[in-house]
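Residue numbers (our numbering): 1 to 401. The block underneath contains the structure these notes are about, expressed in structure tokens.
Dropping the structure here:
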């Protein structure tokens, strides 16, 4: 049984209480700001957990959704639509991939990748190769397969028996990774930048070593760029900094800027088993989502946009490093890259997050007692300064408490 006190079944919440929701009702957003029902303005450095990367109510994205909503919502995947074909072709042209399957969320896209990998080995006559190696601290979602890959107690407790097929090694340990490969191993799955697990990027050299190991043992390399992709590190996808590519990749979150969308990208070789009848999605690839995804790509791939993200990411990093130097009793470390950073706290991170929220700055926790900072990619240096002044003020108060 769980350790928590039993709930009052006579007054059970109408929304299943799986989140510790803050008592704030937000009514509208504009750029990097959110406004609650009392008229208070908050700086949004949470971005729906790396979702609203173009900020709230972005005019180009909003117009694309409105225009499509007046034309066509859904026809099912039995038929073709131009927004679907266009977004798929653009993602193929921009990445290593030859093919794309659209879903409604990140974990659905991740599951599609797992099926793609297993089907590949079955198709080439090696069905015994089905196991996938993941890393400690990983977070791929909350389906049964995703929690089996994470193996974290908070994820799997009470949901057993856990699905078989996932082996786990220590974060960043290549020797342990090599030793974990067996005749049943099919793939390695990893986030190039660990998000939920503590905001830790893998080095370009490490990513290249993963590619070498997969090539050596005949494995598929599977990247989860649900949180770190779509421009957040200053390139369209985080693995591009290593000048290498996976065989399969899942993306979501910022691809829809808040509209539900996920995508599984793969090479033709990896996806050769995904033929008619092997996979499907009722809402995946619907015209509304595709119109939004295309609009998001319009903005992110515009000349100079990603270079600007990199510049602002460097600026945020300098500000956070300065906070660590000036407040060693509150922050012990800064980690991350681009506009995806975290501060490791000395006090409990939830206390710091609560204090920041009271000062109208929205952030979120990560593992290892880290506070995550995930501003929209359209954030300005002036807004970064405004947010860092709040962090400075809260840190000063915390150190003196």
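For every residue, glycine included, the Cβ atom is placed at its ideal position computed from N, Cα and C.
query, result
"Euclidean distance between Cα positions of residue 131 and residue 116", "13 Å"
"Cut-off 7 Å between Cβ atoms - residues of its own chain near residue 145, not counting five sequence neighbours on either side", "111, 114, 163"
"DSSP three-state assignment for residue 47, whether helix, strand or coil", "helix"
"Residue burial classification, residue 222 (beta-carbon count within 10 angstroms, cutoff 16)", "buried"
"Reduced DSSP secondary structure (H/G/I, E/B, other) of residue 178", "helix"
"Cβ-based burial, residue 68 [other Cβ within 10 Å; buried from 16]", "buried"
"One or two residues paired with residue 16 in a DSSP bridge", "According to DSSP, residue 16 bridges with nothing at all."
"CB-CB length for residue 343 against residue 371, believed under 8 Å", "5 Å"
"Those runs of the alpha helix (DSSP H) which lie wholly inside the stretch 199-273 and span at least 4 residues", "204-217"
"Length-filtered (4 minimum) alpha helix (DSSP H) runs lying within the stretch 48-109", "59-69, 82-94"
"Given 8 Å, three or more beta-carbon pairs between the stretch 93-103 and the stretch 264-271", "yes"
"Beta-carbon separation (whole angstroms), residue 355 vs residue 346, contact threshold 8 Å", "Going by Cβ atoms, the distance from residue 355 to residue 346 rounds to 14 Å, so no, they are not a contact pair."
"Which listed residue (72, 70, 102) has its alpha carbon closest to that of residue 409", "The chain is shown from 1 up to 401; residue 409 falls before or after that span and cannot be answered."
"6 Å Cβ shell around residue 233 - same chain, five flanking residues per side excluded", "337, 338"
"Residues near residue 76 in its chain [Cβ-Cβ closer than 8 Å; skip 5 each side]", "282"
"Contact set for residue 330: own chain, Cβ-Cβ below 6 Å, skip 5 residues either direction", "346, 395, 398, 399"
"Option nearest residue 407 by Cα separation, candidates 392, 393, 386", "With the chain running from 1 to 401 in the structure shown, residue 407 is simply not present."
"Opening and closing residue of the alpha helix (DSSP H) in which residue 381 lies", "381-400"
"Residue nearest to residue 291 in terms of C-alpha spacing, selected from 359, 87, 6, 159", "87"
"Spatial distance of residue 472 from residue 307 (CA atoms)", "The first residue shown for the chain is 1 and the last is 401, placing residue 472 beyond what the model contains."
"Closest residue to residue 137 among 264, 167, 128 (Cα-Cα distance)", "167"
"Same chain only: Cβ atoms within 7 Å of residue 383, ignoring 5 sequence neighbours per side", "32, 43"
"N- and C-terminal bounds of the alpha helix (DSSP H) containing residue 313", "305-326"
"Segment contact, 8 Å Cβ cut-off, at least three pairs: the stretch 241-255 with the stretch 152-163", "no"
"Contact test: residue 362 Cβ vs the ligand ADP heavy atom, cutoff 7 Å", "Ligands are entirely absent from the displayed structure, and the ligand ADP is therefore not among its contents."
"Beta-carbon separation (whole angstroms), residue 82 vs residue 257, contact threshold 8 Å", "The pair is not a contact, with the Cβ atoms about 20 Å apart (cut-off 8 Å)."
"Rounded C-alpha distance that separates residue 125 from residue 266", "20 Å"
"Endpoints, beta strand (DSSP E) assigned at residue 285", "Neither: residue 285 is in no beta strand (DSSP E) and is coded neither H nor E."
"Environment of residue 179 [buried if 16+ CB atoms lie within 10 Å]", "exposed"
"DSSP bridge partner residues for residue 134 (one or two, in chain order)", "168"
"Pairwise C-alpha distance: residue 153 and residue 250", "24 Å"
"C-beta contact flag for residue 170 and residue 219 at 8 Å", "no"
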